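One structure is given here, and the rest of the page talks about it.
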Amino acid sequence: MKTHNGYTTYPLTRAQTFHFYYMDKCPKKEVVNVGTSLTIDYELDFDVLKKSIYKAIERCESMRIRFAYDSKLKQWFQYVVEKEDRDIEFFDFSEHTMEEANTMMTSWTRIPFNMQDSPMNRIVMIKMPDGSQGIYVLINHLIADAQSLIFFMRDIIELYCNTMYEGVPYPKEMRSYIEQLKKDLEYEANSKAQQKDREYFENIIGQSEPIYNGVDGKRALIAERKRNKDARAAAFISRHMESALDIYHLEEEPTSRLLKFCEQQHVSLQCLLIMGLRTYFQKANGNDDVSINVAYARRATLLEKKSGGTRIHSFPFRTIIPESMTFLEGIHVIRDGQNEIFRHVNYDPVEYFATRAKKYPVEIGRTYEPMSLTYQPMTSKEQGLSKLGDIKYKTKWYPNGVTTQAMYLTVMHRPDDNGLDFNFEHQIMALSKNKIDHLYYYLCRIMFKGIENPNMTIGDIIRLT
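Residue numbers (my numbering): 136 to 600.
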């Protein structure tokens with residue numbers, strides 16, 4: 136390994152390369168920015184909070200990642216600095232409206248990071264107009280994903296509470312990002328496990344060509360077939376990458392019904408979400424063959440869970456489920472398929488898409504998948520913050536204003552009531568809000584009709600919704 140500024144450098148992982156690939160192609164580098172806030176209905180001691188932030192950074196190697204470009208090799212590398220000594224900012228929104236505060240933090244989220252030898256995160260202590268106080272955190276997706284960001288923010292709060300309140304235990308140590316990085320690089324050095332995963336995905340790709348299903352039906356595919364009568368991929372992205380974020384809130388009670396069904400049937404909520412989405416596309420397109428992109432966090436071991444960094448790999452998940460199957464049978468098909476793919480998700484997504492493009496060449500800008508899905512199961516309650524008493528927490532995510540995909544759905548639990556938020560980020564020129572409204576409405580109708588009547592056929596559910 137080479138050194139840079141006195142630190143050992145390492146190659147980027149495949150997860151980082153995946154994010155770097157679309158960032159490099161996108162003219163707006165803020166496409167990899169993730170901004171969020173965590174606020175508490177409580178008056179904080181900001182001196183103690185600042186010390187807690189520094190301590191959390193000290194405990195989390197991935198929040199001290201830097202990148203450096205090697206002009207000879209024409210390649211980016213990463214390294215971890217020993218300490219972070221920049222000042223932690225403070226901003227008081229007390230004299231502003233909530234709208235003004237959200238607009239300001241959205242503007243912060245749209246400022247790209249300098250990649251060369253610079254911090255890849257920004258942390259601001261904030262006072263909000265409604266009296267809540269806490270932190271705004273902006274990260275570059277190459278150093279963290281949603282799960283590691285939640286772990287980091289939880290660590291700050293638990294460190295703070297350990298200092299301020301008796302009986303609150305000191306949080307358990309984080310794990311080493313560099314240790315996990317080395318394990319990832321060992322896998323990527325043509326290991327037997329990598330070869331096995333490559334064979335698995337090459338077999339899936341070789342089975343047959345997928346087919347595109349549109350949010351608004353067959354329109355895009357029909358247009359494509361006027362140029363190529365055998366086309367199975369269609370154009371569904373805009374050259375204008377400006378995006379909007381539309382958030383739909385599912386209340387606690389209906390959310391609990393979904394979760395209860397999943398618990399009774401021994402399936403994950405991700406499986407139910409996939410079932411609802413693919414049934415919507417089946418309904419809208421009259422096609423049993425449906426593919427969507429699904430993100431996998433790859434955090435099975437304790438080291439993977441607590442070492443931070445970004446571990447998201449995203450792959451198409453294809454299901455061919457006839458209308459004659461029952462809703463429950465369809466979910467079992469998805470569960471079995473998800474269990475199978477979980478065993479191979481360390482594979483390089485960029486290599487996957489390159490391999491598929493060789494097998495089924497399509498024009499640039501054409502795709503088989505109309506959307507991507509990320510389900511984020513972690514909540515502050517589940518991660519132990521409920522032990523801190525009746526303090527109410529609020530989290531908010533801020534859009535970076537640009538996306539390379541037509542539609543990206545992130546489903547997350549709210550920390551205050553454990554209801555679900557459906558966050559639809561979509562290209563403004565590719566999808567209108569009316570179409571997102573339509574999709575969300577029917578997604579919910581399908582899921583609830585399905586859990587209430589699991590032995591009803593998918594065809595009957597489609598007709599009744």
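Using N, Cα and C, we set each Cβ at its ideal position, and we do this for glycine too.
Predicted model only: the values in this text are computed from it and were never measured.
What's the call for residue i, buried or exposed, on a 16-neighbour Cβ count within 10 Å?
| i | result |
| --- | --- |
| Asp535 | The residue asked about is misnamed: residue 535 is Asn in this sequence, not Asp. By the 10 Å Cβ count, Asn535 comes out buried. |
| Tyr271 | buried |
| Leu277 | buried |
| Asn428 | buried |
| Lys522 | Residue confidence for Lys522 is low, a pLDDT of 48 falling below 50, so the modelled location carries little weight; the figure read from the coordinates is stated next. Under this definition Lys522 is an exposed residue. |
| Asp205 | exposed |
| Thr445 | buried |
| Asn348 | buried |
| Ser515 | Here the model assigns Ser515 a pLDDT of 46, short of 50, so the residue's position is not dependable, and the following value carries that caveat. Flag for Ser515 reads buried. |
| Asn569 | exposed |
| Glu517 | The predicted model places Glu517 with a pLDDT of 45, which falls under 50 and marks its position as unreliable; any figure quoted below should be read in that light. Result: exposed. |
| His375 | exposed |
| Ile457 | The sequence shown places Pro at residue 457, rather than the Ile named in the question. Burial call: exposed. |
| Asp332 | buried |
| Ile596 | buried |
| Gly269 | buried |
| Pro306 | buried |
| His154 | buried |
Using alpha carbons as the reference points, say which of the options lies closest to residue i.
| i | options | result |
| --- | --- | --- |
| Phe396 | Pro146, Ile409 and Leu463 | Leu463 |
| Asp180 | Phe225, Asn588, Ala150 and Met198 | Phe225 |
| Met564 | Asp280, Glu377 and Leu184 | Glu377 |
| Gln330 | Val167, Cys579 and Asp483 | Asp483 |
| Gln405 | Glu235, Met233, Thr545 and Glu230 | Thr545 |
| Thr604 | Lys361, Ile339 and Ala368 | With the chain running from 136 to 600 in the structure shown, residue 604 is simply not present. |
| Trp243 | Asn168, Glu486 and Phe452 | Asn168 |
| Leu173 | Lys531, Ala324, Tyr214 and Glu398 | Lys531 |
| Gly341 | Arg434, Asp280 and Tyr487 | Tyr487 |
| Phe452 | Lys527, Ala430 and Asn553 | Ala430 |
| Glu439 | Thr454, Gln315 and Glu230 | Gln315 |
| Glu219 | Lys207, Glu196, Leu208 and Glu323 | Glu196 |
| Pro505 | Tyr528, Gln562, Lys317 and Pro512 | Gln562 |
| Thr600 | Lys584, Asn588 and Met591 | Lys584 |
| Arg434 | Thr538, Thr241 and Ala281 | Ala281 |
Let's see if you can read the secondary structure: which residues bound the beta strand (DSSP E) around residue i?
| i | result |
| --- | --- |
| Met451 | Per the sequence presented here, residue 451 reads as Pro, with Met not at that position. Counting along the chain, the beta strand (DSSP E) containing Pro451 begins and ends at His448 to Ile455. |
| Ser426 | Asp424 to Tyr431 |
| Val485 | No beta strand (DSSP E) holds Val485; the alpha helix (DSSP H) holding it covers Pro484 to Lys494. |
| Ala203 | Ile200 to Asp205 |
| Ser507 | Ser507 to Gln511 |
| Asn256 | Asn256 to Lys262 |
| His375 | Taken as a continuous stretch (DSSP letters only), His375 belongs to no beta strand (DSSP E), as it is neither H nor E. |
| Ile274 | Gln268 to Asn275 |
| Met547 | Met542 to His548 |
| Val215 | Gln210 to Val215 |
| Tyr305 | Segment: none, Tyr305 is in no beta strand (DSSP E) and carries neither H nor E. |
| Glu560 | Leu555 to Gln562 |
Given a cut-off of 8 Å on the beta-carbon distance, is the pair residue i and residue j in contact?
| i | j | result |
| --- | --- | --- |
| Gly411 | Tyr312 | no |
| Arg194 | Ser253 | no |
| Ala419 | Val350 | yes |
| Glu560 | Leu284 | no |
| Phe602 | His139 | Nothing about residue 602 can be reported from this structure: the residues present for the chain run from 136 to 600 only. |
| His384 | Asp572 | no |
| Gln145 | Leu294 | The question names Gln, but residue 145 is Tyr in the sequence shown. No, they are not a contact pair. |
| Ser507 | Ser449 | yes |
| Ser326 | Asp176 | no |
| Tyr503 | Ile258 | no |
| Gly465 | Ile292 | no |
| Tyr189 | Val485 | no |
| Met582 | Leu394 | no |
| Glu398 | Asp552 | no |
| Thr461 | Pro589 | yes |
| Pro550 | Tyr533 | no |
| Gly554 | Thr436 | no |
| Glu308 | Pro247 | no |
| Met198 | Asn256 | yes |
The alpha helix (DSSP H) spanning residue i covers which residue range?
| i | result |
| --- | --- |
| Lys395 | Glu387 to Gln400 |
| Asn237 | Met233 to Thr244 |
| Asn420 | Leu404 to Asn420 |
| Glu321 | Tyr312 to Glu323 |
| Phe228 | Neither: Phe228 is in no alpha helix (DSSP H) and is coded neither H nor E. |
| Gln473 | Phe462 to Phe477 |
| Gln601 | Beyond the ends of the chain as shown, which are 136 and 600, falls residue 601; an answer cannot be given. |
| Gly444 | Careful: Gly444 lies outside any alpha helix (DSSP H) and carries neither H nor E. |
| Met582 | Lys568 to Glu587 |
| Tyr157 | Arg149 to Lys160 |
| Phe286 | Ala281 to Met299 |
| Glu359 | Arg354 to Arg360 |
| Ser187 | Phe181 to Arg194 |
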